[in-house]
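Chains as they are written, first to last, in my numbering: chain A, 2 to 765; chain B, 3 to 61. Don't be surprised by glycine CBs; every beta carbon is placed ideally from N, CA and C.
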């Protein structure tokens with residue numbers, strides 16, 4: 002460990018300073034070197050940005066504010082490489098070095114830098130400036146209205162919790178003397194103080210419960226919130242009645258702590274779920290692409306996806322993603338549409354054929370006529386519809402909800418019946434006892450035992466590398482007996498494997514020629530061959546020509562070589578490629594989709610746990626059957642040649658099931674399934690749609706999630722059992738008139754503490 | 003009723019109200035949005051004034 006000469010932070014590494022900022026500030030302080038001159042000397046080896054490029058890319062990022070006297074732009078950056086206080090000082094001093102920067106504000110914890118600048122500075126220049134200081138800036142999309150609303154809501158929630166906490170604490174303070182036996186005038190004063198302190202909680206902190214209960218009433222559904230409202234108001238009315246009639250049964254303190262505990266647990270649960278906030282999936286997909294566009298004349302300009310208009314021409318480069326639905330103008334081109342259809346092999350498109358947004362160009366170049374603006378493309382619409390459906394997906398009935406509905410009914414009916422039958426005999430006492438029953442039987446476990454178990458479960462899963470979108474996953478997984486796998490990219494890798502060649506011992510020269518032919522190709526066959534024959538030299542082939550959809554050809558030693566597909570593909574599901582010399586076939590190569598190493602083991606383990614395993618694929622029947630055979634999946638459980646829509650229908654038919662898939666073509670299926678799981682997904686969409694997303698894990702990790710959900714479910718179950726038992730005993734005692742105020746006040750928090758303790762201990 | 007008790011009770015309530023009001027004010031003001039950076043920022047001023055004046059004198 003070395004100590005920084007400037008800021009005294011301990012750091013691992015060599016040199017005198019922990020970061021560039023310290024070095025720059027040290028030079029400023031000791032040697033009077035102006036930071037801006039010093040920056041240039043420190044940063045000469047650092048990456049230089051292409052100003053115009055980055056500005057095109059991120060013209061979506063800036064928000065221009067013209068409300069002030071002068072117009073200015075506002076940018077947000079995610080900054081990597083923050084080390085110590087010097088970083089804060091230097092980055093916030095940017096306005097001093099660069100007059101075009103008006104203000105600079107850094108959030109050290111979130112690594113977020115907010116800059117306000119003049120109109121005439123480019124984003125690229127800002128990036129360059131920050132890079133020169135030794136940091137890595139990533140421009141962020143501008144803050145949406147949704148983010149701002151969320152921020153305000155978060156603050157409001159915290160204030161409500163603070164008020165509830167203050168009320169609960171002070172209620173306790175004024176209750177202790179009463180429990181200790183305080184009598185007379187002072188006792189009455191303390192009781193009245195308790196009453197007034199309780200009001201902010203009743204009318205402010207508890208607003209959320211009223212809202213949700215009201216919504217529940219409107220849609221005729223009993224909810225936990227109704228129980229809480231009833232418990233809260235029973236506690237309040239009962240205590241107020243006691244206060245007015247000179248009784249001792251004051252429950253303000255226990256009711257306040259109960260509400261405070263529920264608010265806190267719900268806040269943490271909500272905080273976790275906010276990680277999965279709504280985002281514009283389509284923009285996320287294309288934000289990093291720059292396209293060469295012309296309006297049909299010679300004037301070519303470069304722009305971002307959202308600026309491309311209908312009937313403009315796009316000159317696409319290899320590996321680019323098409324942002325709009327369009328028509329191909331080049332004679333022939335190959336596209337990777339695995340993103341859209343799941344088809345593992347490239348598709349050939351001819352002149353005047355339609356190509357869709359989300360296709361990736363495999364040929365070296367293509368000229369394309371835009372037919373719709375990006376946001377009107379089929380892909381954009383499909384993503385949009387996913388977002389809408391996603392919001393209404395959670396119609397799941399929680400175990401805790403089901404129990405709470407029944408408990409609510411039982412408690413209310415019991416209290417009502419007891420009051421009706423004993424009113425003549427007991428008078429006001431009957432009313433008191435009925436209310437005591439409702440207060441004491443308030444289902445703490447239902448109100449926060451289940452959310453607590455779920456949020457601990459979610460946190461645990463998050464630590465292990467799983468992103469779980471909703472806490473309902475734990476209970477849903479418990480009901481699942483069927484598991485449906487997507488084939489391409491999930492059970493198999495997207496790469497092809499060379500399984501055999503004919504003749505068996507292919508000559509070195511032929512291998513070198515084949516590699517020479519495939520030198521520049523991005524086709525899966527070429528990639529596989531380059532990988533398999535990695536140590537082999539490459540012959541220099543002349544006049545290489547890629548015949549789209551057919552293969553490649555070229556000349557070597559006055560012979561014409563051609564590597565391409567035969568007219569008929571083998572029936573066993575493999576892919577055949579032939580090498581011919583001067584039109585004469587000399588060698589055959591056979592490829593197969595490669596199973597992921599863990600696939601077979603996982604399916605085996607799932608059979609052990611008595612799950613039904615099914616396979617769903619967009620690929621042809623023979624290939625799907627071949628994979629099924631290797632994994633011992635029954636042919637009746639294999640669905641091949643399925644489109645995006647039909648996959649969705651099959652899953653809806655098989656629900657409740659767990660669907661394991663990935664990719665854009667799977668999104669509808671992922672969404673339709675009761676629970677969806679993905680280990681791979683190139684972009685945000687998977688993360689948004691999937692119930693469980695584990696980008697750093699392999700398929701086997703699904704077993705870990707099953708184990709965790711089993712545990713969470715059993716904790717919720719035992720919490721409920723306990724609550725029912727505890728509440729029944731408490732209820733009987735209350736109805737029998739054995740509960741005095743002190744006992745009631747102690748009993749309610751004890752049950753809460755027991756449940757919290759049990760949950761935390763079991764899920765530790 | 004004992005004067006001391008009245009004094010203590012009003013003090014307790016007064017303190018509670020003061021704290022909750024100041025908390026609400028701080029929260030609305032955004033003081034809890036960033037809990038880390040202000041701690042770094044506080045180190046800046048002294049150094050900063052001296053260096054800025056130094057630089058200006060030098061130029």
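Name the chain A residues whose beta carbon is nearer than 8 Å to that of residue i?
| i | result |
| --- | --- |
| residue 28 of chain B | Chain A residues near residue 28 of chain B: none, gap ~10 Å exceeds 8 Å. |
| residue 39 of chain B | 89, 107, 108, 109, 110 |
Rounded to the nearest angstrom, what separates residue i and residue j at their Cα positions?
| i | j | result |
| --- | --- | --- |
| residue 31 of chain B | residue 168 of chain A | 23 Å |
| residue 412 of chain A | residue 680 of chain A | 45 Å |
| residue 546 of chain A | residue 540 of chain A | 15 Å |
| residue 783 of chain A | residue 753 of chain A | Given that chain A is displayed from residue 2 to residue 765, the structure contains no residue 783 of chain A and the question cannot be resolved. |
| residue 44 of chain A | residue 82 of chain A | Residue placement at residue 44 of chain A is flagged as unreliable, the pLDDT there being 42, under the threshold of 50; a coordinate-derived value is accordingly withheld. |
| residue 127 of chain A | residue 102 of chain A | 9 Å |
| residue 306 of chain A | residue 78 of chain A | 21 Å |
| residue 194 of chain A | residue 253 of chain A | 10 Å |
| residue 162 of chain A | residue 265 of chain A | 7 Å |
| residue 761 of chain A | residue 214 of chain A | 29 Å |
| residue 13 of chain B | residue 171 of chain A | 12 Å |
| residue 42 of chain B | residue 112 of chain A | 13 Å |
| residue 104 of chain A | residue 376 of chain A | 34 Å |
| residue 19 of chain A | residue 123 of chain A | 30 Å |
| residue 178 of chain A | residue 460 of chain A | 41 Å |
| residue 40 of chain A | residue 131 of chain A | Low confidence applies to residue 40 of chain A: its pLDDT is 49, below 50, so where it sits in the model is not reliable enough to give any reading. |
| residue 1 of chain A | residue 359 of chain A | Limits of chain A in this structure are 2 at one end and 765 at the other, which puts residue 1 of chain A out of reach. |
| residue 1 of chain A | residue 34 of chain B | This structure does not reach residue 1 of chain A, given that chain A is present from 2 up to 765, and the question cannot be answered. |
| residue 8 of chain A | residue 183 of chain A | 58 Å |
| residue 180 of chain A | residue 191 of chain A | 11 Å |
| residue 206 of chain A | residue 430 of chain A | 31 Å |
Which class does residue i belong to by DSSP, given the choice of helix, strand or coil?
| i | result |
| --- | --- |
| residue 569 of chain A | coil |
| residue 319 of chain A | coil |
| residue 560 of chain A | strand |
| residue 598 of chain A | coil |
| residue 377 of chain A | helix |
| residue 413 of chain A | helix |
| residue 658 of chain A | strand |
| residue 407 of chain A | helix |
| residue 452 of chain A | helix |
| residue 516 of chain A | helix |
| residue 12 of chain A | strand |
| residue 18 of chain A | coil |
| residue 691 of chain A | coil |
| residue 766 of chain A | With chain A covering only 2 through 765, there is no way to say anything about residue 766 of chain A. |
| residue 112 of chain A | coil |
| residue 729 of chain A | helix |
| residue 487 of chain A | strand |
Counting only the same chain and skipping the five closest in sequence on each side, list residues whose C-beta sits under 6 Å from that of residue i.
| i | result |
| --- | --- |
| residue 394 of chain A | Its pLDDT being 45, under 50, residue 394 of chain A is placed unreliably by the model, and the measurement read from it follows with that caveat. Same-chain partners within the cutoff: there are none. |
| residue 692 of chain A | 470, 474, 676, 677 |
| residue 635 of chain A | none |
| residue 585 of chain A | none |
| residue 648 of chain A | 617, 670 |
| residue 65 of chain A | Note that residue 65 of chain A scores 49 on pLDDT, short of 50, meaning its location in the model is unreliable; the coordinates nonetheless yield the value given after this. Once the five neighbours on either side are set aside, the close Cβ partners of residue 65 of chain A are 74. |
Taking Cβ-Cβ distances shorter than 7 Å, what residues in chain B pair up with residue i?
| i | result |
| --- | --- |
| residue 86 of chain A | 42, 45 |
| residue 21 of chain A | Going along chain B, no residue has its Cβ under 7 Å from residue 21 of chain A, so there is no contact; the nearest lies around 16 Å. |
| residue 265 of chain A | Per Cβ cutoff of 7 Å: no residues; residue 265 of chain A is ~15 Å from chain B at best. |
Can you name, in chain order, every residue of its own chain whose Cβ lies under 7 Å from the Cβ of residue i, other than the five neighbours on each side?
| i | result |
| --- | --- |
| residue 91 of chain A | 22, 25, 26, 134 |
| residue 567 of chain A | 577, 579 |
Just to confirm my understanding: we take residue i, look at its own chain, exclude 5 residues before and 5 after, and list those with CB closer than 8 Å. What are they?
| i | result |
| --- | --- |
| residue 499 of chain A | 529, 530, 533, 590, 591, 592 |
| residue 328 of chain A | 353, 354, 355, 356, 369, 370, 372 |
| residue 543 of chain A | 555, 556, 557 |
Taking Cβ-Cβ distances shorter than 9 Å, what residues in chain A pair up with residue i?
| i | result |
| --- | --- |
| residue 11 of chain B | 175, 190, 191, 194 |
Applying a beta-carbon distance threshold of less than 8 Å, which residues of chain B neighbour residue i?
| i | result |
| --- | --- |
| residue 77 of chain A | In chain order: nothing, as chain B lies at least about 14 Å away. |
Could you tell me which chain B residues have their CB closer than 9 Å to the CB of residue i, listed as they occur along the chain?
| i | result |
| --- | --- |
| residue 156 of chain A | 29, 30, 32, 34, 35 |
Notebook entry, point to check: How about the region 479-494 of chain A and the region 584-602 of chain A: do they share at least three Cβ pairs that are nearer than 8 Å?
Noted result: At 8 Å Cβ cutoff, the stretches touch.
Checklist line | Three or more C-beta pairs below 8 Å linking the region 656-663 of chain A and the region 633-642 of chain A | finding: Contact fails: fewer than three Cβ-Cβ distances are below 8 Å.
Notebook entry, point to check: Counting Cβ pairs, one atom from each stretch, are 3 or more of them under 8 Å apart for the region 363-378 of chain A and the region 317-328 of chain A?
Noted result: In short, these stretches touch, since the Cβ pair count reaches three.
Margin query: With three or more C-beta pairs closer than 8 Å as the rule, is the region 502-516 of chain A touching the region 603-616 of chain A?
Written below: The region 603-616 of chain A is not in contact with the region 502-516 of chain A.
Checklist line | Inter-stretch contact at 8 Å, needing at least 3 Cβ pairs: the region 694-707 of chain A / the region 459-467 of chain A | finding: Between the region 694-707 of chain A and the region 459-467 of chain A, the count of Cβ pairs shorter than 8 Å is three or higher; the stretches touch.
Checklist line | the region 224-239 of chain A / the region 196-211 of chain A touching (three or more Cβ pairs under 8 Å) | finding: The answer is yes - the region 196-211 of chain A touches the region 224-239 of chain A, with three or more Cβ pairs under 8 Å.
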